[in-house]
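All remarks here apply to the structure that follows.
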Amino acid sequence: MLTQSALRELRSYYRALGDVNRLRIVQILATEGEQPVSELARRLRISQPLMSWHLRRLRRAGIIRMERLGREVRCSFDREKFAELNARGHRVLMNRVEVQL
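Spelled out as structure tokens, the structure:
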């Protein structure tokens, strides 16, 4: 049984992945590696403020990391945290399915 805190963390994770733009950001970072925020905004053709909002959701969910290098902010995919949250969500859902059977 997961604690309320762990369940809230999973909720944040799934909500963060519930948007096409955020999924595209994760895909780019997972396949191409670290990217500057400005490059992500350019590639997705969205404004800098909207990109910052999407990145904040992903960072709070633990899916990406952000690092300031001078005036530039760079983003990277946190594979370990993503795998951990994905596995936890899978266990929760599979346990729920087994109980219902």
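Going by this note's numbering, the first residue of the sequence shown is number -11, and it counts up by one from there. Don't be surprised by glycine CBs; every beta carbon is placed ideally from N, CA and C. Values in this document were obtained by computation on a predicted structure and should not be read as measured data.
Secondary structure of residue i, DSSP reduced to three states
i, result
"residue 88", "The predicted position of residue 88 is uncertain, since its pLDDT is 43 and thus under 50; a value taken from the coordinates is nonetheless stated next. If DSSP states are grouped into helix, strand and coil, residue 88 belongs with the helices."
"residue 51", "coil"
"residue 62", "strand"
"residue 57", "strand"
Whole-Å CB distance - residue i paired with residue j, under 8 Å assumed
i, j, result
"residue 22", "residue 62", "5 Å"
Distance CB(residue i)-CB(residue j) smaller than 7 Å
i, j, result
"residue -6", "residue 49", "no"
Spatially closest choice to residue i from the options, by CA coordinates
i, options, result
"residue 59", "46, 25, -9 and 2", "25"
Q. Quick check: the stretch 65 to 72 against the stretch 46 to 53, are there 3 or more CB pairs under 8 Å?
A. yes
Q: Count the CB pairs spanning the stretch 1 to 16 and the stretch 29 to 42 that are closer than 8 Å, and state whether there are at least three.
A: Yes: at least three Cβ pairs fall under 8 Å.
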